[in-house]
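Chemist:
Written as C-alpha coordinates, this is what we have:
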(Lines of atoms letter the chains of each structure in order from A and count residues from 1; the text may use other names and numbers.)
(Lines give C-alpha, C1' and ligand atoms only; values in the text may rest on other atoms or scores of the structure.)
Protein backbone atom coordinates (compact mmCIF):
# COMPACT_ATOMS: atom_id res chain seq x y z
CA UNK A 1 0.00 0.00 0.00
CA UNK A 2 1.31 3.43 -0.95
CA UNK A 3 2.15 5.85 1.87
CA UNK A 4 0.25 9.12 2.25
CA UNK A 5 2.16 12.10 0.84
CA UNK A 6 1.83 15.59 2.26
CA UNK A 7 3.49 18.61 0.70
CA UNK A 8 3.72 22.17 2.03
CA UNK A 9 3.60 24.40 -1.05
CA UNK A 10 2.79 27.84 -2.47
CA UNK A 11 0.76 28.96 -5.48
CA UNK A 12 3.75 29.06 -7.79
CA UNK A 13 6.79 27.06 -6.90
CA UNK A 14 8.86 25.39 -9.62
CA UNK A 15 10.44 22.96 -7.15
CA UNK A 16 6.98 22.00 -5.85
CA UNK A 17 5.89 21.26 -9.43
CA UNK A 18 9.01 19.15 -10.03
CA UNK A 19 8.45 17.25 -6.78
CA UNK A 20 4.84 16.58 -7.73
CA UNK A 21 5.90 15.35 -11.18
CA UNK A 22 8.46 12.96 -9.68
CA UNK A 23 5.96 11.62 -7.16
CA UNK A 24 3.34 11.09 -9.89
CA UNK A 25 5.94 9.19 -11.97
CA UNK A 26 6.46 6.94 -8.95
CA UNK A 27 2.73 6.14 -8.86
CA UNK A 28 1.53 8.59 -6.21
CA UNK A 29 -2.05 9.43 -7.13
CA UNK A 30 -2.92 11.87 -4.36
CA UNK A 31 -0.77 14.51 -2.70
CA UNK A 32 -2.25 16.42 0.20
CA UNK A 33 -1.14 20.02 -0.33
CA UNK A 34 -0.98 22.69 2.33
CA UNK A 35 -0.70 26.17 0.82
CA UNK A 36 1.41 28.23 3.19
CA UNK A 37 1.03 31.39 1.09
CA UNK A 38 -2.70 31.49 1.78
CA UNK A 39 -2.48 31.01 5.54
CA UNK A 40 0.35 32.47 7.65
CA UNK A 41 -0.52 30.05 10.48
CA UNK A 42 0.27 27.14 8.15
CA UNK A 43 3.68 28.66 7.37
CA UNK A 44 4.37 28.92 11.10
CA UNK A 45 3.20 25.32 11.61
CA UNK A 46 5.45 24.11 8.75
CA UNK A 47 8.48 25.91 10.18
CA UNK A 48 7.81 24.52 13.67
CA UNK A 49 7.33 20.99 12.30
CA UNK A 50 10.23 20.90 9.84
CA UNK A 51 12.67 23.54 11.08
CA UNK A 52 12.79 24.86 7.51
CA UNK A 53 11.42 27.97 5.79
CA UNK A 54 11.38 26.91 2.13
CA UNK A 55 8.90 24.94 0.05
CA UNK A 56 8.29 22.28 -0.83
CA UNK A 57 8.51 20.40 2.44
CA UNK A 58 7.46 16.82 1.81
CA UNK A 59 6.30 14.10 4.16
CA UNK A 60 5.91 10.50 3.06
CA UNK A 61 3.92 8.82 5.78
CA UNK A 62 5.48 10.09 9.01
CA UNK A 63 8.91 10.61 7.40
CA UNK A 64 10.03 14.17 6.68
CA UNK A 65 11.81 13.90 3.34
CA UNK A 66 12.65 17.59 3.01
CA UNK A 67 12.54 19.53 -0.24
CA UNK A 68 12.79 18.62 -3.90
CA UNK A 69 16.56 18.13 -3.80
CA UNK A 70 16.15 15.68 -0.92
CA UNK A 71 13.37 13.85 -2.78
CA UNK A 72 15.49 13.60 -5.95
CA UNK A 73 18.46 12.33 -3.89
CA UNK A 74 16.26 9.56 -2.46
CA UNK A 75 15.26 8.60 -6.00
CA UNK A 76 18.87 8.54 -7.21
CA UNK A 77 19.83 6.35 -4.23
CA UNK A 78 17.00 3.91 -4.99
CA UNK A 79 15.33 4.69 -1.67
CA UNK A 80 12.20 6.57 -2.80
CA UNK A 81 10.16 3.57 -4.03
CA UNK A 82 10.72 1.54 -0.84
CA UNK A 83 9.76 4.57 1.29
CA UNK A 84 6.57 5.10 -0.72
CA UNK A 85 5.63 1.42 -0.44
CA UNK A 86 6.26 0.85 3.29
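Numbering (UniProt numbering), first residue to last: 1 to 86.
Glycine included, C-beta positions come from ideal geometry on N, C-alpha and C.
#1: Identify every residue that forms a DSSP beta bridge with residue 58.
#2: Taking the straight line between their C-alpha atoms, what separation do you get for residue 3 and residue 24?
#3: Using beta-carbon positions only, say whether residue 19 and residue 7 come within less than 9 Å of one another.
#4: Could you tell me which of 26, 16 and 59 sits nearest to residue 5, measuring between CA atoms?
#5: Taking Cβ to Cβ, would you say residue 26 is nearer than 9 Å to residue 75?
#6: Based on Cα-Cα distance, which residue from 66, 40, 30 and 79 lies nearest to residue 55?
#7: Could you please give the first and the last residue of the uninterrupted alpha helix (DSSP H) stretch that includes residue 24?
#8: Are residue 49 and residue 64 close, meaning C-beta to C-beta below 9 Å?
Modeler: According to the structure data:
#1: 7 and 66
#2: 13 Å
#3: yes
#4: Restricting attention to 26, 16 and 59, the CA atom closest to the CA of residue 5 is found in 59.
#5: yes
#6: 66
#7: 14-25
#8: yes
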